[in-house]
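If you read the protein sequences in the order shown, they are chains A and B.
The opening residue of the first sequence carries number 1 in our numbering; numbering runs sequentially from there.
The opening residue of the second sequence carries number 1001 in our numbering; numbering runs sequentially from there.
Shown next, in structure tokens, is the structure this report addresses.
2 protein chains.
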Amino acid sequence: MKAEIICVGTELLLGDVVNTNAAFIAKGLAAIGINVYHQAVVGDNPKRLEKCLTDAFAENDIVITTGGLGPTYDDLTKETVAAHFGKKLVLDEKSLEQIKSFYDRTKRVMTDNNIKQAMMPEGCTILYNPNGTAPGCIIEEGGKVAVMMPGPPREMLPMFEHQVSPWLEEKFGGEGKLFSKTINFFGVGESALEARLHDMIVEMTNPTVAPYAKPCECQLRVTARAEDEQSAMALINPVVEQIAEIYPDNIYGYNYQTINEAVVDVFTKKRLTLCTAESLTGGLIAQKLVEISGASAVLKGGIISYTNEVKHGVLGVSQQILDEKGAVSPECALEMARGARKLTGADIALSATGVAGPTGGTEQTPVGRVYIAAVSEKGEVVKELNLSRGRADDREMIRNYSASHAHNMALKMAKLFE
Amino acid sequence: MKAEIICVGTELLLGDVVNTNAAFIAKGLAAIGINVYHQAVVGDNPKRLEKCLTDAFAENDIVITTGGLGPTYDDLTKETVAAHFGKKLVLDEKSLEQIKSFYDRTKRVMTDNNIKQAMMPEGCTILYNPNGTAPGCIIEEGGKVAVMMPGPPREMLPMFEHQVSPWLEEKFGGEGKLFSKTINFFGVGESALEARLHDMIVEMTNPTVAPYAKPCECQLRVTARAEDEQSAMALINPVVEQIAEIYPDNIYGYNYQTINEAVVDVFTKKRLTLCTAESLTGGLIAQKLVEISGASAVLKGGIISYTNEVKHGVLGVSQQILDEKGAVSPECALEMARGARKLTGADIALSATGVAGPTGGTEQTPVGRVYIAAVSEKGEVVKELNLSRGRADDREMIRNYSASHAHNMALKMAKLFE
């Protein structure tokens, strides 16, 4: 089964908005076995969109559009696609109700042009939109399928995940359903995984094994098609165990989005608390935990000790260590973590000190040199990292990797607690 | 002048990589007056790419590709485009030298397939690549222009900015050059700006006025075409002044990327220091400053006081305020800022306390209620924000807006210092 993705929006053409929708949809389609060979971006222009539609349907069975479903006169995707199929637009009362209630809920006044959003192609499947005013829809005719979704990612993403993907899966997915398990890796790269597990990735068909790179970490998704979850897991688990044996030190968990989510989850389950003492990361270690809802049960607090003054005055790092070993030293990292733990009373304290660059590096402590430490009643660890790749944009990478290494260290320390 | 952007790469089609190149190039082309009406993504497949090229040149004068210039057998963009123009590939000695020296510099061994990267279409303009091994090139023939650049953004971005954009500007840019000034707004939305300044945005031609939305803030870019910078500014400045009169309270600066960059710049110039006391933002106020190189001269440090224990024990917020007014109160925000200033000795202290949600809201302090404060020798301010829009993904928005409001407050407080 082949699909094309057409993203509609002048803001995409002008480059004011990066097109994250296409990647999200392409990945979602791949997961249910639908191939994408072409993606297009067009403006809010019916003539050009119609040309794109004709070209796309000449080569594909399914066309998925995002954008152009809004209330203004230049939102014309629904009108253009309906015309392509020779269908009229008719008022859908339920859509209108939902748009009205959305305006009531957000205490705004609905204007007349919003009624346009409730006009739907006759005979279509309506995709109701709990996160905005524009409903999506699916037209199915003569073996061709057009799926239209709104452009804003926070409306499109849940619509695709909860409505479009299951609809396509049911229609085109073949027998059984897809189930998967994600293996979360830290400290090993996607290309290394691909090289080591090449045969598995290329040759296996049920389950399949697919690597995904994320910032600072990567994942393998093991996916099986089966009648029910239990049968799928019977196919998936032996493969997962085989991979786990190959990487005893690099798997931090299963089915997490990111390592910070794993920290909040593991610490919550173990009823452990955490605090941070951050120099080069400037709050990033804590910040990435606070991104996760539920972090308040885990994170007691933290000290951002960007200057030696704060390292000494607030965290209690001794002046001798700062003078003799320097702020970027394993000794300083340990004292920072000890100080934060003492101040906040958390079970485990994490610290990071280093040189993010681009300036400030010396021969002894070059850009990219970072020390991270973890301190708890179970013990103390400190680790030296050398993260520079010699590129102009290393600063952000060095800070992000430092935070992820600290999170990984927190997970390893948490293992020592029952 | 019309251009199409074609991004080549199976990783884009599969959604493993978000296509940031297309937005970057589209924006760069718009800045020199070249219009983009269509963007496409195709895999590393010569037949499909050839079809894209034919379609694109049927409608456009310029086609810009990214990707597919690498050393492996499936990198075929250069071969396909050269064939489209009936051109042979010939070895370019200078490219080969540069590829060899790149391998020497990064202490890796060059393999034979890298020679393929030095094979260039005969008669093309070569775009040498200081950031990677694959050179780009420009083919010009019969009024049509094909520009090929490598796919990795850190190679493509500088190549576009320093080589492709000046080449296109010289060729198609018309008389004079483009100069622009960016007005940075906080606290007014893009659509409000568009509505208020509609006539300017739609009708003016030299200079032009264009709004850009960014997360939590927005910009107007005023761009003029003129012989030199001085003549351009003579066209730009009166328009900027006119807009500044309309928005006396919402312009935080000029020519900044983001408000955190403005804070680091203004504080550096005024030799002011800053510290933070953060509850719901969990380090984000400091974190966004640390993103900016040079932040170490400005940010002394901060306290992440995620729990009342740390608010009282470290920052010294009185137990009475925590008990009677609560942690989410203007009084607590003020005491947090005072405490951080006392601990770090910074000139200005910023604080934020509030409910990011999705849980934890009460009738008295609902989700989205945030207090931010700034404290210095010049005085104390505290502000109540109500940031909820009642959406499932509000948490991230609430925290980001809180941080930006704090930065804006820092800039206003800094104005009181000479």
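C-beta atoms are modelled at their ideal positions from N, C-alpha and C, and glycine is treated no differently.
Here the structure is a predicted model, which is why all the values come from computation and not from measurement.
Using beta-carbon positions only, say whether asparagine 255 of chain A and threonine 182 of chain A come within less than 8 Å of one another. yes
With distances taken Cα to Cα, identify the nearest neighbour of threonine 353 of chain A among A/Ala58, A/Ser376, A/Lys311. Nearest C-alpha to threonine 353 of chain A: A/Lys311.
Relative to chain A, which residues along the region 1008–1025 of chain B have a C-beta separation below 9 Å, given in chain order? Leu1012, Leu1013, Leu1014, Gly1015, Asp1016, Val1017, Val1018, Asn1019, Thr1020, Ala1022, Ala1023, Phe1024, Ile1025
Straight-line CA distance for arginine 1095 of chain B to leucine 1076 of chain B? The sequence as given places serine at residue 1095 of chain B; arginine does not occur at that position. Near 18 Å, if we compare the C-alpha coordinates of leucine 1076 of chain B and serine 1095 of chain B.
Report back the beta-carbon spacing between glutamine 163 of chain A and leucine 193 of chain A to the nearest angstrom; my notes put them in contact at under 8 Å. Contact flag wrong, Cβ pair sits at about 33 Å.
Should the region 1014–1022 of chain B be called in touch with the region 12–30 of chain A, which here means at least 3 C-beta pairs below 8 Å? yes
Determine the direct distance from the alpha carbon of isoleucine 139 of chain A to that of alanine 146 of chain A, and round the result to whole angstroms. 5 Å
Measure the CB-CB distance between arginine 1048 of chain B and tyrosine 37 of chain A and report whether it falls below 8 Å. yes
Quick check on the DSSP output: the alpha helix (DSSP H) that includes arginine 369 of chain A runs from which residue to which? From DSSP, arginine 369 of chain A is part of no alpha helix (DSSP H) but of the beta strand (DSSP E) over 369–376.
List, from N- to C-terminal side, the beta strand (DSSP E) runs of 3 residues or more that fit wholly inside the region 86–117 of chain A. 89–91
Simplified DSSP assignment, three categories, for valine 1145 of chain B: strand
Please specify which runs of the alpha helix (DSSP H), each continuous and at least 4 residues long, are wholly inside the region 14–85 of chain A, giving them in chain order. 20–31, 46–59, 77–84
Cβ of alanine 1349 of chain B less than 8 Å from any chain A Cβ? no
Partner residues on chain A for leucine 1284 of chain B, Cβ-Cβ distance less than 8 Å: Gly283, Gln287, Val290
Identified DSSP bridge partners for glutamate 1217 of chain B: B/Lys1214
Would you say phenylalanine 179 of chain A and glutamate 229 of chain A are within 8 Å of each other, going by their C-beta atoms? yes
Option nearest valine 176 of chain A by Cα separation, candidates A/Lys288, A/Ala349, A/Ser231, A/Phe160: Here residue 176 of chain A is glycine; the residue named in the question, valine, does not match the sequence. Selected option, being the one with the closest Cα: A/Ser231.
May I ask which residues mark the beginning and end of the alpha helix (DSSP H) holding asparagine 400 of chain A? 394–415
Here's the rule: buried if 16 or more other CB atoms are within 10 angstroms of the residue's CB, otherwise exposed. What is histidine 1084 of chain B? buried
Around the Cβ of proline 1150 of chain B, are there at least 16 other Cβ atoms within 10 angstroms (buried) or fewer (exposed)? buried
Chain-ordered neighbours of alanine 1040 of chain B on chain E, where CB pairs are closer than 9 Å: The structure shown has no chain E; the protein chains it does contain are A and B.
Consult DSSP for threonine 268 of chain A and reduce its assignment to one of helix, strand or coil. In this structure, threonine 268 of chain A counts as helix in the three-state DSSP scheme.
When you compare the CB positions of alanine 340 of chain A and threonine 268 of chain A, do they come within less than 8 Å of one another, or not? no
Among A/Val382, A/Asn386, A/Val375, nearest to glutamate 364 of chain A - alpha-carbon criterion: In the sequence on display, residue 364 of chain A carries glutamine and not glutamate. For the residues A/Val382, A/Asn386, A/Val375, the minimum Cα distance to glutamine 364 of chain A belongs to A/Asn386.
Using a Cβ-Cβ cutoff of 7 Å, what residues of the region 60–83 of chain A are near chain B? List them in chain order. none
Under 8 Å by Cβ, that's how I've got glutamate 1384 of chain B and proline 1330 of chain B pegged, so tell me the actual separation to the nearest angstrom. 7 Å
Taking the straight line between their C-alpha atoms, what separation do you get for methionine 156 of chain A and leucine 69 of chain A? Their Cα atoms are separated by approximately 11 Å.
If the cut is a Cβ gap below 8 Å, which residues of chain A does lysine 1342 of chain B touch? In chain order: nothing, as chain A lies at least about 10 Å away.
Classification of serine 1402 of chain B by the beta-carbon crowding that lies within 10 angstroms, buried from 16 upward: buried
Applying the 10 Å Cβ sphere with the 16-neighbour rule, what's the burial state of serine 429 of chain A? Residue numbering for chain A in the displayed model covers 1 to 418; residue 429 of chain A lies beyond these limits and cannot be assessed.
What did DSSP end up calling isoleucine 1251 of chain B once you bin it into helix, strand or coil? In this structure, isoleucine 1251 of chain B counts as strand in the three-state DSSP scheme.
Would DSSP call methionine 1001 of chain B helix, strand or coil? coil
Are proline 1215 of chain B and leucine 1235 of chain B close, meaning C-beta to C-beta below 8 Å? no
Chain-order list of residues whose beta-carbon lies under 6 Å from that of serine 351 of chain A (same chain, five-residue window excluded): Ala277, Ala333, Met336, Ala337, Ala373
Taking only beta-carbon positions, decide if glutamate 1097 of chain B is within less than 8 Å of chain A. No, glutamate 1097 of chain B lies away from the interface with chain A (no Cβ there is under 8 Å from its Cβ).
CB-CB under 6 Å to arginine 221 of chain A, same chain, minus the five flanking residues each way: which ones, in chain order? Ser180, Thr182, Ala210
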